[in-house]
Amino acid sequence: MRYEIPVGPLHPALKEPIMIKCTIEGERIVDVDVIASQNHRGIEWIGMNRNNPVQSLYTAEKICGICNLCHPACLTIAVEEIAEIQAPERAEYIRVIQSELERIHSHLLWAGVAAHELGFDSLLHYVWMVREKVMDTLEIVNGARVPKDTMMYGGVRRDIKEEHVPKIREMIEYYRQAFNKLAKLFLEDKTIKMRTREIGTLPYEEAIKLATTGPTTRASGVKKDVRQDMPYFAYPDFEVKAITPDILTGETIGDTYDRIVVRLLEVKQSIDIIEDALNNMPGGEILAEPKIIKLLNQIKKAEGEAIGRHEAPRGEDIHYVKLKSGFEYLYAWKVRAPTYINILAWRTMLMDMQIADIPIVAASIDPCLSCTNRVIIAKDGKESILTADDLHRLSVKKTRRLMR
Amino acid sequence: MNAEEIKQKFEEAGYETWMKEREEGVRIKAKRKSLWVKVDKDKIRDAVEYFIEISDVYPHFSIISASDEGDEVELNYHFTLGFGKLHEEFSVNFKVSIPKNDLVIKSITKMVPAVIYSEREIREMMGVEFEELEDKRHMFLTKDFPDGIYPWRRDETAPKETNKLYETWKEGAK
């Protein structure tokens, strides 16, 4: 007997709205349909019809709360290419540091969520306690824990000052010490292994075919990382190497466990990049053109199209921008956040899994539904609703069952 | 195969191409390359098929972007190739113009399954019809979003009723 279970619109993993419609036979998932959204914030429309390009930078920052640097970064890369603006060397380094700080906080946030989905809440609290160090650093550098508002065409708005450097170095040391404990907790715990090994597997071929990005694709063995492949900002200086799970475990399975491995290793990689950037940071200006009106006029005169690509914590973020001379707004603007493409892989990952695996498998791609989905459907027709709490309860139950 | 070789292959097959480059990095320099290929709307499948055939690995699909160009709608199919190697990736972008009086193009979902969400999005936002696209449900707009209104268009089909709240605090508005 087949049943259809609509998981969502409240997301089982993230309390963000999306619907995963699963067809099940008993406990086994036999089909998956993702209903992405029924409500659109129209961010691209605002950029194309209401805001000037500088205002759009701040709108882009609001696309996603967690990775709020990567969207303005993409937009900046594209506009700088069209308008032929070159950011000063120091600014390119600050951009790298800011990007990596964002990756650390995003990956640690995800690690906490993953622990929660498995019913391991003490680990959630521990990871989020550890995460506070990077949040404090962000606050010191940017004046706020989450929004950065630092990207600007031709540079950055805030310098990393002398007095910030010891604080950042202290954070680096803190994470170097915390890393081994985190790795032990996540990778050697028997229960986590049972709930994630060979669960939600995405084979290499499928990862390529479905065009997945970021840690989701790297965990399947695809060595794809924009920082390595097509570097931007000051990234060529760091010769970043894409991280795949075999570096640590000697094998690549492409399951949920491997996605944990990749993200943990990437935290370590980010710390190294930040340290390298601090050691080699050039001096000088941080903005090519500090006068916004002058900058806007330069952009307004520019004509052409370009693509901005940035390795966000969840994967590759892409913005296509077209500017027309004399046109006040962005003539065309297409935002493709990483989750947009990664949710395609849910079907492959979830097939033949159990209902209780849905939360952790869905969360394993680190979905950021604000990137993709802006919706709440209270109830769709006669379908019964399995709430996030129900799913969480099922997930906790499965953990307990396995522990017996 | 690098960007120049792919460019040459497309030129040999009779496509119009052009390359854009931008240098990045401070101590070590690397070039970001994007290859643009102009494709007739009837030949999109041929172009993508040819691209897959000449590529060493399966190309990575990124997104389809669109812009309203007056009498035409312009679509850009963005792909990347050469990933996995230090500083060797480049983007390959197919540019297709579709006249507004015949806004139809063939779907490439059979060759590139990852394109499905993007085709669904372009369909609802730009009003381009994708032939043989199996799933034609709305992607981001509501189920009951009216037909004939396309948010990304710049003509009479663009949404007219928008948020008035903004107008009230716009500079100079009364």
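Chains A and B, in that order, are what the protein sequence lines are. Using our numbering, the letters of the first sequence map in sequence onto residues 1 to 404. Using our numbering, the letters of the second sequence map in sequence onto residues 1001 to 1174. The beta-carbon is built from N, C-alpha and C at its ideal position, and this holds for glycine as well.
With a cut-off of 8 Å, does the C-beta of B:Ile1028 fall near any C-beta of chain A? yes
Which residue from A:Lys184, A:Ser56, A:Ala36, A:Glu198 puts its Cα closest to that of A:Glu329? In the sequence as displayed, the identity of residue 329 of chain A is Tyr instead of Glu. Nearest option by C-alpha distance: A:Ser56.
Any beta-carbon of chain A closer than 8 Å to the one on B:Phe1130? no
Taking A:Gln228 as the query, report the chain B residues whose CB atoms sit under 7 Å from its CB, ordered along the chain. Leu1086
Run the CB neighbour count on A:Lys397, radius 10 Å, all protein chains shown included, and call it buried at 16 or more, exposed below. exposed
The region 1025-1041 of chain B touching the region 1054-1061 of chain B, judged by at least three CB pairs closer than 8 Å: no
Please report the straight-line C-alpha distance between A:Ala378 and A:Arg393, rounded to a whole angstrom. Because the pLDDT of A:Ala378 is 43, which lies under 50, any placement of that residue in the model is unreliable, and the number read from its coordinates should be weighed accordingly. So the alpha carbons of these two residues sit roughly 21 Å apart.
Bridge partners for A:Ala83 per DSSP, in chain order? Answer is none; A:Ala83 lacks a bridge partner.
Could you please give the first and the last residue of the uninterrupted beta strand (DSSP E) stretch that includes B:Thr1017? 1016-1024
Compare the C-beta of A:Leu75 with all C-beta atoms of chain B and state if any pair is closer than 8 Å. no
Of the residues A:Glu311, A:Cys368, A:Met351, the one placed nearest B:Phe1203, counting alpha carbons only: Outside the shown range of chain B (1001 to 1174) lies residue 1203 of chain B, about which nothing can therefore be said.
Output the distance between the C-alpha atoms of A:Thr196 and A:Tyr3, rounded to the nearest integer angstrom. 25 Å
Is the distance from the Cβ of B:His1078 to the Cβ of A:Ile318 below 8 Å? yes
Taking C-beta pairs closer than 8 Å, name the residues in chain B that A:Phe233 reaches, listed in chain order. Glu1024
Bridge partner(s) assigned by DSSP for A:Arg336: A:Ile318
Would you mind telling me which residues of chain B sit closer than 7 Å to A:Arg336, beta carbon to beta carbon, in chain order? Ser1062, Ile1063
Run down chain A in chain order and give the residues with a C-beta less than 7 Å from the C-beta of B:Pro1113. Lys209, Leu210
Quick check on DSSP: helix, strand or coil for A:Asp67? For clarity, residue 67 of chain A is Cys in the given sequence; the question names Asp instead. Coil at A:Cys67, not helix or strand.
So with Cβ pairs under 8 Å, would you call A:Ile85 a contact of chain B? no
Cβ-based neighbour list, A:Lys322, same chain, cut-off 6 Å, excluding 5 preceding and 5 following: Glu305, Tyr331, Ala332
Is the region 1064-1073 of chain B close to the region 290-298 of chain A, with three or more CB pairs under 8 Å? no
is_contact[A:Glu92, chain B] using C-beta, thresh 8 Å: yes
For A:Glu383, would you say it is in contact with chain B, using Cβ-to-Cβ distances shorter than 8 Å as the test? Legend: pLDDT at A:Glu383 = 47, less than 50; position of this residue unreliable, value from coordinates given subsequently. Not an interface residue.
Which chain D residues are close to A:Trp346, counting only those with a beta carbon under 8 Å from its beta carbon? In the structure shown, chain D cannot be found, because the protein chains are A and B.
Quick one: Cα of B:Thr1157 to Cα of B:Ser1118, how far? 20 Å
Cβ atoms of A:Val226 and A:Ile208: under 8 Å apart, would you say? no
My understanding is that A:Ala219 touches A:Asp258, with C-beta atoms under 8 Å, so please give their C-beta distance in whole angstroms. 4 Å
Check the Cβ of B:Asn1076 against every Cβ in chain A and list those closer than 7 Å, keeping chain order. Tyr320
C-alpha distance - B:Met1001 paired with B:Thr1109, whole-angstrom precision: 24 Å
So is A:Ala146 buried or exposed if we call it buried at 16+ other beta carbons inside 10 Å? Inspection of the sequence shows that residue 146 of chain A is occupied by Val rather than by Ala. A:Val146 should be labelled exposed.
Return no unless some Cβ of chain A is closer than 8 Å to the Cβ of B:Ala1003. no
Could you compute how far the alpha carbon of A:Gly65 sits from the alpha carbon of A:Tyr320? 21 Å
So what's A:Ser122 in DSSP terms, helix, strand or just coil? helix
How about A:Ala234: is its Cβ closer than 7 Å to a heavy atom in the ligand FMN? With respect to the ligand FMN, the structure offers nothing, as it holds no ligand at all.
Report the three-state DSSP secondary structure of A:Cys22 (helix, strand or coil). strand
Mind checking whether A:Ala345 and A:Glu117 have CB atoms under 8 Å apart? no
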